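Going down the list, the protein sequences come from chains P and V.
Reminder that position 90 of the first sequence reads as 90 in the numbering used here, one-by-one numbering, no gaps.
Convert by adding 350 to the 1-based position in the second sequence; the result is the number in the numbering used here.
Number of protein chains: 2
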Amino acid sequence: MLEDKSPQMTPISAYGEFGLIKHLTENFSFENPSTEISIGDDAAVIDPNGQQVVLTTDVLAEGVHFNLGYVPLKHLGYKAVVVNLSDIAAMNATPTQILVSLAISNRFPVEALEEIYAGIALACKHYKVDLVGGDTTSSTSGLVMSITAVGLENAENIVKRSGAKANDLLVVTGDLGGAYMGLQILEREHSVFLADPNMQPEMEGYDYILERQLKPEARTDIKKTLKELDIKPTSMIDVSDGLSSEILHLSDQSKVGFHLYEEKIPMDSLTIATAEELNLNPVMCALSGGEDYELLFTIAPEDFDKIKNHPDFTIVGHAVDLEQGNFLVARGSNELIPLNAQGWDAFLNK
Amino acid sequence: MLEDKSPQMTPISAYGEFGLIKHLTENFSFENPSTEISIGDDAAVIDPNGQQVVLTTDVLAEGVHFNLGYVPLKHLGYKAVVVNLSDIAAMNATPTQILVSLAISNRFPVEALEEIYAGIALACKHYKVDLVGGDTTSSTSGLVMSITAVGLENAENIVKRSGAKANDLLVVTGDLGGAYMGLQILEREHSVFLADPNMQPEMEGYDYILERQLKPEARTDIKKTLKELDIKPTSMIDVSDGLSSEILHLSDQSKVGFHLYEEKIPMDSLTIATAEELNLNPVMCALSGGEDYELLFTIAPEDFDKIKNHPDFTIVGHAVDLEQGNFLVARGSNELIPLNAQGWDAFLNK
Chain P
1 MLEDKSPQMT PISAYGEFGL IKHLTENFSF ENPSTEISIG DDAAVIDPNG
51 QQVVLTTDVL AEGVHFNLGY VPLKHLGYKA VVVNLSDIAA MNATPTQILV
101 SLAISNRFPV EALEEIYAGI ALACKHYKVD LVGGDTTSST SGLVMSITAV
151 GLENAENIVK RSGAKANDLL VVTGDLGGAY MGLQILEREH SVFLADPNMQ
201 PEMEGYDYIL ERQLKPEART DIKKTLKELD IKPTSMIDVS DGLSSEILHL
251 SDQSKVGFHL YEEKIPMDSL TIATAEELNL NPVMCALSGG EDYELLFTIA
301 PEDFDKIKNH PDFTIVGHAV DLEQGNFLVA RGSNELIPLN AQGWDAFLNK
Chain V
351 MLEDKSPQMT PISAYGEFGL IKHLTENFSF ENPSTEISIG DDAAVIDPNG
401 QQVVLTTDVL AEGVHFNLGY VPLKHLGYKA VVVNLSDIAA MNATPTQILV
451 SLAISNRFPV EALEEIYAGI ALACKHYKVD LVGGDTTSST SGLVMSITAV
501 GLENAENIVK RSGAKANDLL VVTGDLGGAY MGLQILEREH SVFLADPNMQ
551 PEMEGYDYIL ERQLKPEART DIKKTLKELD IKPTSMIDVS DGLSSEILHL
601 SDQSKVGFHL YEEKIPMDSL TIATAEELNL NPVMCALSGG EDYELLFTIA
651 PEDFDKIKNH PDFTIVGHAV DLEQGNFLVA RGSNELIPLN AQGWDAFLNK
C-alpha cells in the first residue's frame, strides 16, 4: 500500500516543510502547565517550576527496529513515544513533553505520516504529555524516528541506576519475554506471507504477546504505586534490552553484583507456551528478549513487607557484593550461571 | 575512503551499542552546573535553578542536508550542533546541553563515528554546552543525525517570534548568502571531480564562503551584546532557510507585515563576486539561500540610536501593518516586490 501511486494519496511535497508540520500537529492540545511555548517558534519553552528536568532520546530505524511489512504505522508512532516515556519512568519522574524528529523517504505519502502522528497523538493523550517541537525532513531511503522526552521531578525523588547496595531486593514489574515472543510470531507469519501472499496469517490466540510487541505501555503508573507504598527504590532501570542486560547495567552503575532466581522470573503462560511451540527456552526469552518496557528496581531489605504480596511486583533476586558477580540461580539445582549481556543489540543483529 | 574495507578500520559491531556510546563519549567533560546526571543512566537530569528550559531539535539526513562526497564528517558533527544552538540563540537563551541521536549504516567504520564525535566535541567546547545523552543505532542505509539542544533563560528575557509591532525596526546580524554560495562552489567542484577524479578542485580564494557552508557558527554572542546595549528584541528568529522565509515567519507569528530594503541587505564582497561568477542574482541568494545561521530580529523604534552604528547589526527594514503585506523594496526604483517563501525546502528539492 505504501508504494501505491494511486491518486488519492498526497505527496509530501504538496505541503512543504512548514505546512507539513502545521498540518500534522494542528490537532494536538496541551495538558501540562509547564508547557509555555510550543511548535511554531525556534524552540519550545517549558517552565519546570523549581523541579529538575529529565531528558532522554531514542531512535527507531526502519529495517532495524521495525519492519513496515507487519508493523502498522499508527502502532509505530505510539511505540516510539512509549519507548521514551519508559526511560522517564525509570528515573521515577513524570513525563510531560516530547519532541519528534522524523526523516522519511518520499515514497511515503502524507497519509502515512498522518498515521504515525495519529499514534503519537494517542500516546500523548494516554500519558498526558504535550508534543512541543520537532523536525520533519525527507530521507533518501526509509524511515527514521527520533523522539526526545522531557520529564519533571523534585530532585529528592529522582532514582538513578547507581544506588543499589548489597542485600537490596531486586524487583520487576509485570511479566517478561512477551514482546519478544510476539515478534517471533509476527516474523513467522510475515515469512509465510512473503512465500505465499494468499496465505492468511495465523495470529489467533496470540493477542497478549502481539500487543506486548506492537503496542507496549510505559510503566508511568509505578511511580504513584511506589509512593503510596512509601517506597523509594535505591536504583531503577527500564527493561528494554532484556532482563540480563539491565541487571548488568545496575551492577555496573551501582557497583554491586546480583543473584537472579530463575524460578522467580515472571512470565505469562502464553509467553511460555509460545516459546515451547517455537522450541525456544522461555527463560532465555525473558533474559535476552527485550522490549518489555517493565521497570526493574532495587529496594532496601526493610521494605520487603511493603511490597511482598503486591500484584504489580515480583521479587526476582537480590544484590550481593560486586566481587560475587552476577549470576542466574538455576531452578531446582541452584547452580550459578553467569549472566551475560545477550540483550538485543542493534549492531550485532545486522 | 568510507567504503574502504581496509583492515585498520574497526567495524561498529566490534563495540556493541553500549560500548560504542561509552567509547565515543568518554572524553566529554562538563561545563554547566545545571548538568546533574548525564550519559550512563536512563535519562539525563538538568537543574534549571528557577529558569525556564528552552528545547529544540533538528534532523540532518545524508543526501538531503549534506553530501559526504564533500562534507568532512568532523564538520558535519560540528554543524549539526551549531544548527540547534542557533535555534536556542534565536530565543535569546543560553545553550547548556545537547542530546545526540545517530542512525548510521554499517558501511561506516567506528573511525567515521569518531570523526563525527570529534566535531561534536569541538562544538561543545566552543559553545560551552554539555553532551548529556543520546542514542546510536544502525540504519539500513545512510546517516541520519538528530540533535536536541537545551537552553536556559529567565522567563522575562525569552524572545519569541510573535512580539513585533508595526514601525519596529528589522535588524539582521552578520552577512547573508555566503553559505549558499559556498555550497554552489562545493557542488561545482564535486561535479568536476566526479567527471574526472584526476582534476584538482579549485577552492582557492573561496575560503570565507566555504567556511560559511562547512563550519557555520551560531550567534550565541548576540545575547550578551544586546544586553550590553540594553536592547530586548520584540521578536527574533534565526536565518536557516533564507531571509525571505524568516521574515514571513515573523510576519505570520507577529501579525505584522515587513518592508525589506534590497540595498540594505548585508552581503560579503566574496558572496557577491561568486554569485556574479555563477550568473546568480546575489540578492536572491541572500533571500532564498539559507544556512547563514545569523539572527533576524525586531526592535522598538526608540532603540534605533543604541544600535545604529554597531558593526554586528544592519537595519534592513521595518514592520508595517499586516494588511500592507510583506515586500522587498527594490534598489533605485523603490518598486515593491512581494516576498515569497523560497527558502530551501527539504521536500521540494528531492
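All residues carry an ideal CB built from backbone N, CA and C; glycine is no exception.
Quantities reported herein were computed from a predicted structural model and do not represent experimental measurements.
**Study point:** Range covered by the beta strand (DSSP E) that runs through Leu481 (chain V)
**Key:** 480 to 489
Check your understanding: Going by the CB atoms, is the gap between Met586 (chain V) and Ala440 (chain V) shorter than 7 Å?
Key -> yes
Exercise for review: Could you have a look at Asn349 (chain P) and say whether DSSP puts it in helix, strand or coil?
Suggested key: Any reading at Asn349 (chain P) needs caution, since the residue's pLDDT is 37, under 50, leaving its predicted position unreliable; the model's value is listed next. Correct three-state label for Asn349 (chain P): coil.
Exercise for review: For chain V, find out if any of its Cβ atoms is closer than 7 Å to the Cβ of Asp305 (chain P); answer yes or no.
Suggested key: no
Review point. At a CB-CB cut-off below 8 Å, which residues of chain V make contact with His55 (chain P)?
Key: Residue identity differs from the one stated: residue 55 (chain P) is Leu in this sequence, not His. Here the neighbours are Ala393, Ala394, Val395, Ile396, Gln447, Leu449, Val482, Gly483, Thr498, Val500.
Practice item. Would you check if the distance between the CB atom of Val316 (chain P) and the CB atom of Val172 (chain P) is smaller than 7 Å? Key: yes
Check your understanding: Buried or exposed: which applies to Met531 (chain V), given that a residue is buried once 16 or more other Cβ atoms fall within 10 Å of its Cβ?
Key -> buried
Review point. Which runs of the alpha helix (DSSP H) fall wholly inside the segment 293 to 340 of chain P and span at least 4 residues, in chain order?
Key: 304 to 307
Practice item. Compare the Cα-Cα distances from Ala330 (chain P) to each of P:Asp268, P:Glu262, P:Ala286 and report the closest residue. Key: In terms of Cα proximity to Ala330 (chain P), the closest of P:Asp268, P:Glu262, P:Ala286 is P:Glu262.
Exercise for review: Tell me, please, whether the CB atom of Lys22 (chain P) is closer than 7 Å to any CB atom in chain V?
Suggested key: By this cut-off, Lys22 (chain P) is not an interface position.
**Study point:** Under 7 Å from the C-beta of Thr570 (chain V): neighbouring residues of chain P
**Key:** Going along chain P, no residue has its Cβ under 7 Å from Thr570 (chain V), so there is no contact; the nearest lies around 13 Å.
Review point. Between Val59 (chain P) and chain V, is there a C-beta pair that is closer than 7 Å?
Key: yes
Check your understanding: Taking Cβ-Cβ distances shorter than 8 Å, what residues in chain V pair up with Arg161 (chain P)?
Key -> Gly390, Asp391, Asp392
Review point. CA-CA distance, Arg219 (chain P) and Asn279 (chain P)?
Key: Distance from the CA atom of Arg219 (chain P) to the CA atom of Asn279 (chain P), rounded to whole angstroms, is 30 Å.
**Study point:** Alpha-carbon to alpha-carbon, Ile396 (chain V) and Ile387 (chain V)
**Key:** 7 Å
Review point. Listing by chain order, which chain V residues have their CB less than 9 Å from the CB of Glu62 (chain P)?
Key: Ser489, Thr490
Check your understanding: Smallest Cα separation from Gly427 (chain V): which of V:Lys475, V:Ile657, V:Thr406, V:Asn442?
Key -> V:Lys475
**Study point:** Residues near Tyr643 (chain V) in its chain [Cβ-Cβ closer than 8 Å; skip 5 each side]
**Key:** Val432, Val433, Ser436, Ala529, Pro566, Glu567, Ala568, Arg569, Asp588, Val589, Ser590
Check your understanding: From the beta carbon of Asp168 (chain P), is the nearest beta carbon of chain V less than 7 Å away?
Key -> no
**Study point:** Spatial neighbours of Tyr556 (chain V) in its chain, beta-carbon cut-off 6 Å, leaving aside the 5 residues before and after
**Key:** Hits under 6 Å: Ile535.
Point to revise | Rounded Cβ spacing between Glu62 (chain P) and Thr664 (chain V) (contact assumed at less than 8 Å) | key: About 45 Å separates the two Cβ atoms, so there is no contact after all.
Check your understanding: Can you find a C-beta in chain P that's less than 7 Å from the C-beta of Val494 (chain V)?
Key -> yes
Practice item. Find out if the Cβ-Cβ distance for the pair Leu405 (chain V), Val500 (chain V) is shorter than 7 Å. Key: yes
Point to revise | Residues that DSSP places opposite Ser191 (chain P) in a beta bridge | key: None; Ser191 (chain P) has no bridge partner.
Check your understanding: From the beta carbon of Ile237 (chain P), is the nearest beta carbon of chain V less than 7 Å away?
Key -> yes
Review point. Where Arg107 (chain P) and Gln8 (chain P) are concerned, what is the direct C-alpha to C-alpha distance, given to the nearest angstrom?
Key: 14 Å
Check your understanding: Do you know whose CA, among V:His599, V:Tyr558, V:Ile371, V:Val479, lies nearest Thr624 (chain V)'s CA?
Key -> Restricting attention to V:His599, V:Tyr558, V:Ile371, V:Val479, the CA atom closest to the CA of Thr624 (chain V) is found in V:Tyr558.
Point to revise | C-alpha gap between Lys656 (chain V) and Asn690 (chain V), whole angstroms | key: 31 Å
Exercise for review: Under the assumption that Thr385 (chain V) contacts Asp480 (chain V) (Cβ atoms under 8 Å), give the Cβ distance between them as a whole number of angstroms.
Suggested key: With 8 Å as the limit, Thr385 (chain V) and Asp480 (chain V) qualify as a contact, their Cβ atoms being about 5 Å apart.
Practice item. With DSSP as the reference, please indicate the residues paired to Thr56 (chain P) in a beta bridge. Key: P:Ala149
Review point. Quick one, which residues of the segment 285 to 303 of chain P are near chain V if we go by CB-CB under 9 Å, in chain order?
Key: Taking 9 Å as the upper bound on Cβ-Cβ separation, chain V lies near no residue of the segment 285 to 303 of chain P.
Exercise for review: For the beta strand (DSSP E) containing Leu76 (chain P), list its first residue and its last residue.
Suggested key: Here Leu76 (chain P) belongs to no beta strand (DSSP E); instead the alpha helix (DSSP H) covers 73 to 89.
Review point. So what's Met236 (chain P) in DSSP terms, helix, strand or just coil?
Key: strand
Point to revise | Cα-Cα separation, Thr584 (chain V) to Gly50 (chain P) | key: 27 Å
Point to revise | Integer Cβ distance of Leu373 (chain P) from Phe258 (chain P), believed to fall under 8 Å | key: Residue numbering for chain P in the displayed model covers 1 to 350; residue 373 (chain P) lies beyond these limits and cannot be assessed.
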